[in-house]
Amino acid sequence: RILIAFTCKVCNTRNTKHMSKLAYEKGVVMIRCEGCSNTHLIADHLGWFDSLSPPGTIEDILKREG
């Protein structure tokens, strides 16, 4: 299991969630903010949300976006 902690940029709520390593490295992970119920894309290795860019994790997505 992997633990992720992040602050929602919409409502500034600090979120802490667990996910499986398999989902993070090979699947799709979306996490719902506990404060505003916004959905955050953490990993997309299946190309569900952006078929033009190579799939990856939030780390890969942030590198591409700067």
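The sequence shown begins at 75 in our numbering and counts up one residue at a time. Just so it is clear, CB atoms sit at the ideal spot from N, CA and C, and this is done for glycine as well. Keep in mind it's a predicted model, so treat the numbers as computed, not measured.
{"Query": "Beta-carbon contacts of Trp122 that lie in its chain and below 7 Å, excluding the five residues immediately before and after", "Result": "Val102"}
{"Query": "Test item: CB-CB of Lys100 and His119 under 7 Å", "Result": "yes"}
{"Query": "Reduced DSSP secondary structure (H/G/I, E/B, other) of Leu120", "Result": "coil"}
{"Query": "Residue from Val84, Tyr98, Glu139, Cys85 whose Cα sits closest to the Cα of Leu77", "Result": "Tyr98"}
{"Query": "N- and C-terminal bounds of the beta strand (DSSP E) containing Arg138", "Result": "First-last for Arg138: 132 to 139, but that is the alpha helix (DSSP H), not the beta strand (DSSP E)."}
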